[in-house]
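*Asks:* Chains as they are written, first to last, in the numbering used here: chain F, 522 to 764; chain G, 522 to 764. The beta carbon of each residue, even a glycine, is placed where N, CA and C say it ideally should be. Only a predicted model underlies this, so the values are computations on that prediction, with no experimental measurement involved. I am attaching a structure below and will ask some questions about it afterwards.
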DNA sequence: TTGCCTGATTAATCAATGTTATTTGTCCAT
DNA sequence: ATGGACAAATAACATTGATTAATCAGGCAA
């Protein structure tokens, strides 16, 4: 199969693609694989020969804690169009696993294809590089949120980000989306106990900002939610300089 | 002037460099600039035409909080040999500033040089890419630390990381190093109040793990410090696959 | 239907952290 | 030497978040 259109649009939103670059992108062969909820997509500390791109559903980067095997921290979430482990091409193995959140479908791309691109398509290479740097930009924003927001504002920031990202690729409805995360998993993301996540959810509900039942979230008051979370989406909209 | 040897060693520790690549690296022209403590090295939201590499001292990535101009969060620290804003070459501007921590000296590299490398030296390009991905790996580890460690263990983790990074480039003594950060700035990194940082410092002292006077830190019990912090340096030692 | 499992929810209590205020120590300019 | 400025250190109190336990609701197998 071929590379997902999501990713092409992701790049085109940020920089122009020459016909030659676009043709090379379209020529990438991919392998489609489905994963059940919680299944490991990319195993930590193992040398990978291919990288995964999200097609449907979501995936999380999961860090096992040393000496506490029952605990983990999630440092990133990925939505359709995201390269979930492009960094695994440049680095020798990842220090974390990538797991499916809910049912997920990915397209695997052989590293040999990426090597060819980096050898012969410098502009495309800089765009792939850019994609990994946007991940890093999101990491930094999560650090800012963790340091400056508490409980419900912190949760609100995550919801604003996920909705914005899902909406950007057309995977969200009008102010509503599906978040197949258990409260326990939200706790692994936010660094709270599951009970405290529950309090935060209730607080957002009580404030009349969201409706949340099962995996379905409806944003009632987008303005109020972004204000509480001090959400500024510019860290997601980073563009490459066209030159 | 020329590129710092720190960076060459940084790359060589992780992958082999061909003579051609090494020669191109050595040919990079740089501009040496000194900064006073707190001075802005790279301004946020401004298009940069050059990127900075640390030569001496330290630098911090500082995020101003929206709506709270007096507050900020520090999402990264950089030591000699680090490219502090290589991502500014690939992205159009940064969403944060880079400021000097203590007195700092950097070498600026024109983006035109980097463009030439990305056009003609694919292996070198992948190594530059790798350098930005190691920054991202550190971001993730900070997220893990923030979510799973508290006060003194969190502070201990930061100290373990900084010492390991300084030691790797020969900028630290035998279990001692200089950390020109105020407790207020440590609070901006760890996401605590300055008072709580003080409590954490005292705790590490009381446990007999460190000695800390002014900017000078001596590690008395490295084993104890790494155990408390659950510090595993592998996220710093990521290597590129040699192929 | 019944029972069981899992996740969400709530309450009560305790520990960690924030806030405000005060004191101490050090450096520096006069 | 003296006073002022600033950072570190400490204390008292308020708030946030963790822990433990219990209850509630829904799905699902026997």
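Taking the C-alpha atoms as reference points, what is the distance between residue 705(G) and residue 715(G)?
*Replies:* Position 184 of the second chain, counted from the first residue, corresponds to residue 705(G). Position 194 of the second chain, counted from the first residue, corresponds to residue 715(G). Roughly 5 Å separates the two Cα atoms.
*Asks:* Give the interface partners of residue 647(F) over in chain G, defined as CB-CB distance under 7 Å, in chain order.
*Replies:* What you label residue 647(F) is simply residue 126 of the first chain in a count that begins at 1. Those are 611, 639, listed as they occur along chain G.
*Asks:* When you compare the region 737 to 757 of chain F with the region 676 to 685 of chain F, are there three or more beta-carbon pairs, one atom per stretch, that lie closer than 8 Å?
*Replies:* Touching, yes, given that three or more Cβ pairs across the two stretches are closer than 8 Å.
*Asks:* Tell me whether residue 764(F) sits in a helix, a strand or coil according to DSSP, three-state version.
*Replies:* Position 243 of the first chain, counted from the start, is the residue given in the question as residue 764(F). Note that residue 764(F) scores 47 on pLDDT, short of 50, meaning its location in the model is unreliable and no value can be drawn from it.
*Asks:* Out of curiosity, what's the CA-to-CA distance linking residue 531(G) and residue 737(F)?
*Replies:* Taking the first residue of the second chain as 1, we reach residue 531(G) at position 10. Taking the first residue of the first chain as 1, we reach residue 737(F) at position 216. Computed Cα separation, rounded: 47 Å.
*Asks:* Give the interface partners of residue 663(G) over in chain F, defined as CB-CB distance under 7 Å, in chain order.
*Replies:* Your numbering for residue 663(G) matches position 142 in the second chain. Neighbours of residue 663(G) on chain F, chain order: 664.
*Asks:* Give me the chain G residues within the contact set of residue 753(F), using Cβ-Cβ distance strictly less than 7 Å, ordered along the chain.
*Replies:* To locate residue 753(F), count along the first chain from 1; it is residue 232. Neighbours of residue 753(F) on chain G, chain order: 587.
*Asks:* What residues in the region 591 to 609 of chain G have a beta carbon less than 8 Å from any beta carbon of chain F?
*Replies:* Under the 8 Å Cβ criterion, the region 591 to 609 of chain G contributes 592, 594, 596, 597, 608.
*Asks:* For residue 731(G), which option in 713(G), 699(G), 712(G), 758(G) has the closest C-alpha, if you only look at C-alpha atoms?
*Replies:* For the purposes of this step, residue 731(G) is taken as the residue at position 210 of the second chain. The candidate whose alpha carbon is nearest that of residue 731(G) is 699(G).
*Asks:* Quick check on DSSP: helix, strand or coil for residue 710(G)?
*Replies:* Reading the second chain from its first residue, position 189 is the one you call residue 710(G). Here residue 710(G) sits in helix by DSSP.
*Asks:* With which residues is residue 739(F) paired in a DSSP beta bridge?
*Replies:* If you number the first chain from 1, residue 739(F) lands on position 218. Note: residue 739(F) sits in a beta bridge opposite 697(F), 732(F).
*Asks:* Is it true that the region 623 to 631 of chain F meets the region 546 to 558 of chain F, where meeting means three or more beta-carbon pairs spaced less than 8 Å apart?
*Replies:* Flag = yes, the region 623 to 631 of chain F and the region 546 to 558 of chain F touch.
*Asks:* Check whether the Cβ of residue 656(G) lies closer than 9 Å to any Cβ atom in chain F.
*Replies:* Here the question's residue 656(G) lines up with position 135 in the second chain. It does: the Cβ of residue 656(G) has a partner Cβ on chain F nearer than 9 Å.
*Asks:* Tell me the rounded alpha-carbon separation between residue 729(F) and residue 592(G).
*Replies:* For the purposes of this step, residue 729(F) is identified with residue 208 of the first chain, where counting begins at 1. For the purposes of this step, residue 592(G) is identified with residue 71 of the second chain, where counting begins at 1. So the alpha carbons of these two residues sit roughly 28 Å apart.
*Asks:* Taking all protein chains shown into account, decide if residue 601(F) is buried (16 or more other Cβ within 10 angstroms of its Cβ) or exposed.
*Replies:* The count along the first chain starts at 1 and reaches residue 601(F) at position 80. The residue is buried, with at least 16 neighbouring Cβ atoms inside 10 Å.
*Asks:* For a contact defined as C-beta to C-beta under 8 Å, what are the partners of residue 796(F) on chain G?
*Replies:* Because chain F spans 522 through 764 in this model, residue 796(F) falls outside it and cannot be assessed.
*Asks:* Thinking just about the alpha-carbon of each residue, which of 588(F), 689(F), 562(F) is nearest to the one in residue 534(F)?
*Replies:* For the purposes of this step, residue 534(F) is taken as residue 13 along the first chain, with counting starting at 1. Checked all of 588(F), 689(F), 562(F); the closest Cα to residue 534(F) is 689(F).
*Asks:* Grouping DSSP H, G and I as helix and E and B as strand, with all else coil, what is residue 621(F)?
*Replies:* Here residue 621(F) corresponds to residue number 100 of the first chain, with the count starting at 1. Note: residue 621(F) maps to strand in three-state DSSP.
*Asks:* Can you have a look at residue 764(F) and say buried or exposed, based on whether 16 or more other CB atoms are within 10 angstroms of its CB?
*Replies:* Residue numbering aside, residue 764(F) sits at position 243 when the first chain is read from its first letter. With a pLDDT of only 47 at residue 764(F), under 50, the local geometry of the prediction cannot be trusted, and the value read off the model is given with reservation. Exposed, because fewer than 16 other Cβ atoms sit within 10 Å of the Cβ of residue 764(F).
*Asks:* Run down chain G in chain order and give the residues with a C-beta less than 8 Å from the C-beta of residue 617(F).
*Replies:* Position 96 of the first chain holds residue 617(F). The contacting residues are 661.
*Asks:* Look at the alpha carbon of residue 638(F) and the alpha carbon of residue 646(G), and state the distance between them as a whole number of angstroms.
*Replies:* Residue numbering aside, residue 638(F) sits at position 117 when the first chain is read from its first letter. Residue numbering aside, residue 646(G) sits at position 125 when the second chain is read from its first letter. Their backbone Cα atoms lie some 12 Å apart in a straight line.
*Asks:* Would you say residue 669(G) faces chain F, with C-beta separation under 9 Å as the test?
*Replies:* By 1-based counting over the second chain, the position of residue 669(G) is 148. Yes, residue 669(G) lies at the interface with chain F (some Cβ there is under 9 Å from its Cβ).
*Asks:* Going by other Cβ atoms of all chains shown within 10 Å of its Cβ, with 16 needed for buried, is residue 673(G) buried or exposed?
*Replies:* The count along the second chain starts at 1 and reaches residue 673(G) at position 152. Counting Cβ neighbours within 10 Å, residue 673(G) comes out buried, since at least 16 surround it.
*Asks:* Would you identify the three-state DSSP class for residue 601(G), choosing helix, strand or coil?
*Replies:* By one-based count along the second chain, residue 601(G) stands at place 80. Reduced to three states, the DSSP call for residue 601(G) is coil.
*Asks:* Taking residue 643(F) as the query, report the chain G residues whose CB atoms sit under 7 Å from its CB, ordered along the chain.
*Replies:* Walking along the first chain from the start, residue 643(F) turns up at place 122. Within chain G, the residues near residue 643(F) are 639, 640.
*Asks:* Does residue 720(F) come within less than 9 Å of chain G when only Cβ atoms are used?
*Replies:* In the first chain, residue 720(F) corresponds to position 199, counting from 1. It does not; no Cβ of chain G falls within 9 Å.
*Asks:* Per DSSP, residue 550(F) forms a beta bridge with which residues?
*Replies:* Taking the first chain and counting its residues from 1, the one referred to as residue 550(F) is at position 29. Looking at the DSSP assignment, residue 550(F) forms a beta bridge with 523(F).
*Asks:* Looking at C-beta atoms only, is the number of pairs between the region 565 to 580 of chain F and the region 647 to 660 of chain G that lie closer than 8 Å three or more?
*Replies:* The region 565 to 580 of chain F vs the region 647 to 660 of chain G: no contact.
*Asks:* Is any beta-carbon of chain G found at less than 9 Å from that of residue 524(F)?
*Replies:* The count along the first chain starts at 1 and reaches residue 524(F) at position 3. Not one chain G Cβ lies under 9 Å of residue 524(F).
*Asks:* Compare the Cα-Cα distances from residue 694(F) to each of 717(F), 741(F), 727(F), 723(F) and report the closest residue.
*Replies:* As a working note, residue 694(F) is residue 173 in the first chain. For residue 694(F), the nearest C-alpha among the options comes from 741(F).
*Asks:* With DSSP as the reference, label residue 615(F) as helix, strand or coil.
*Replies:* Counting from 1 along the first chain, the entry for residue 615(F) is found at position 94. Correct three-state label for residue 615(F): coil.
*Asks:* Check each candidate in 612(G), 657(G), 640(G), 580(G) and name the one with the smallest Cα separation from residue 616(F).
*Replies:* By 1-based counting over the first chain, the position of residue 616(F) is 95. Answer by Cα proximity: 657(G).
*Asks:* Could you check how far apart the C-beta atoms of residue 660(F) and residue 597(F) are, in whole angstroms? I think they sit under 8 Å.
*Replies:* Against the first chain, residue 660(F) aligns to sequence position 139. Against the first chain, residue 597(F) aligns to sequence position 76. With a Cβ gap of about 7 Å, residue 660(F) and residue 597(F) count as contacting.
*Asks:* Is residue 665(G) buried or exposed, if buried means 16 or more other CB atoms sit within 10 Å of its CB?
*Replies:* Position 144 of the second chain holds residue 665(G). Buried.
*Asks:* For the beta strand (DSSP E) containing residue 561(G), name the first residue and the last one.
*Replies:* Your numbering for residue 561(G) matches position 40 in the second chain. Run containing residue 561(G): 561 to 563, per the beta strand (DSSP E) assignment.
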